[in-house]
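Numbered per the working numbering, the sequence shown finishes at 165, counting up by one with no gaps.
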Amino acid sequence: MSGHEANNSQLKNLAERLLQQDIKDHEGASGSLFYKFTGMKIQNAKLPQASMVAGRLQTRNGAICINGNYSLFYDGILKRTADGDFTVMISDMAVSLEDVRSARNRGRDGRDSVDHDLLHRLIRNGVCVCKIGKIKAKFQGGSAGLCLFFFRILVKFMRNSLEEQ
């Protein structure tokens, strides 16, 4: 198996594992708006382009689609509640996994493919950085206007949650 085929095989394995992950429920408030995101699940993942150089796995142009449910309660002059479901599409994702030992010994390990042991070592002992590009969302259910305001909160939560994981 060539290095490129090994990279693609490992990325497919990671994408399959990613699809099995649940995202923790989240609730909070912004002023008089109380919100909950529940039942979030990754529905689709686009495999990114990947390269492996000296203990660092870098991916770019990945994408995921997340579905979930929302509940809103606005406790202002006009009290409003809304609930429904949403779909969030995240694109232009870039992830960099670097083995801490390789970072110290840069240049000693010139691997250009990802094997199973290296991938696990990167995940367990490595430094992971994730950057999110574009985020789009569609809301279905009540109070579309309130949802548009709410979208900024959702984007901030999704970006922070994914970049921190």
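Beta carbons are placed, not taken as given, at the ideal position from N, Cα and C, and that holds for glycine.
query, result
"Validate contact between the stretch 131 to 139 and the stretch 86 to 94 using beta carbons, cut 8 Å, 3 pairs", "yes"
"Inter-stretch contact (C-beta, 8 Å, three-pair minimum) for the stretch 43 to 60 and the stretch 69 to 77", "no"
"Local Cβ density within 10 Å of residue 29, reported as buried at 16 or more and exposed below that", "exposed"
"Beta-ladder partner(s) of residue 89, from DSSP", "65, 136"
"Those residues which DSSP pairs with residue 218 across a bridge", "Here the chain has residues from 1 to 165 only, and residue 218 is not among them."
"Three-state secondary structure (DSSP) of residue 108", "Reliability fails at residue 108, whose pLDDT of 43 lies under 50, so the model's placement of it is uncertain and the value that follows must be treated cautiously. If DSSP states are grouped into helix, strand and coil, residue 108 belongs with coil."
"Beta-bridge pairing of residue 22 - partner residues as DSSP gives them", "41"
"Which of helix, strand or coil DSSP assigns to residue 32", "coil"
"Burial state of residue 42, where buried means 16 or more other Cβ atoms lie within 10 Å", "buried"
"Neighbourhood of residue 155 by C-beta, 6 Å cutoff - its chain only, sequence neighbours within 5 removed", "135"
"Counted within 10 angstroms of its Cβ, other Cβ atoms place residue 21 as buried (16 or more) or exposed", "exposed"
"Rounded separation between residue 141 and residue 161 - CA only", "24 Å"
"Buried or exposed (CB count within 10 angstroms, at least 16 for buried), residue 186", "The chain is shown from 1 up to 165; residue 186 falls before or after that span and cannot be answered."
"6 Å CB neighbourhood of residue 129 in its chain, flanking five on each side removed", "96"
"Residue(s) in a DSSP beta bridge with residue 151", "Its beta-bridge partners do not exist; DSSP assigns none."
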